[in-house]
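Heads up, the thing below is written out as structure tokens.
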Amino acid sequence: MFNHHQKGFSLLEVIIATFIVAVGLVGILSLANISLKGPALSKMRLIASGLAQEGVEVIRDMRQANIEWDNWYNAVADGNYQVQYNSADLTAYAGNPLKFDSGTGLYQYDSGNNSAFYRKITLTKISDNEVKAVAEVSWRIKGQSTSTLIVEDRLWNWK
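Here the sequence shown stands for residues -3 to 155, numbered as in my numbering.
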């Protein structure tokens, strides 16, 4: 009988070991990638939340500036709008990104560099005494799908 004593590894053993190490490295690199993107995603969500809330508050301020409900209600049409903090004008939504002014740290449509954020305000007359205001902020981080955050409020004829 022949007695074979193998010293070393077979090709199959080397391939299997290489595969196991590669799978482990891919897992580690994926976790590292996710942990690096996490803070950036959280920052974007926080900014989007503020922009959505600001949009609804601008609409609420417009409503409160018009003491008479009928005056405001009749001036508003169902539709999509863009608003900014320093204006009482409703402008038709054009799909333009908000600009970030690094000097003031504010987002607006007038000046600054284009940001990743788009804000659309949708106004819908529910009844003669109620208007629904929806602020939808969307953004896209490079290499990811578009994210959207929505804030909804109701404006009432409270007088």
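Glycine included, every Cβ here is placed at the ideal spot set by N, Cα and C. Predicted model, so just to flag it, every value in this text is computed and none were measured.
- Under the three-state reduction of DSSP, Asn109 is assigned to strand.
- When the Cα atoms are used, Phe15 and Ser26 turn out to be separated by approximately 16 Å.
- Counting the other CB atoms within 10 Å of its CB gives Glu132 a total of 16 or more, which places it among the buried residues.
- Residue pairing by DSSP puts Leu102 in a beta bridge opposite Asp97.
- For Ser123 and Gly139, the gap between their C-alpha atoms comes out near 43 Å.
- Looking at the DSSP output, Ile117 sits in a beta bridge with Tyr77, Ala131.
- With 16 or more neighbouring CB atoms inside 10 Å of its own CB, Tyr114 falls in the buried class.
- Taking each of Ile12, Val22, Leu86 in turn and checking the Cα distance to Ala129, the smallest one comes out for Leu86.
- Beyond the five residues adjoining it in sequence on each side, Gly46 comes within less than 8 Å, by CB distance, of no other residue in the same chain.
- A residue is called buried when at least 16 other Cβ atoms come within 10 angstroms of its Cβ; Ala44 meets this threshold and is buried.
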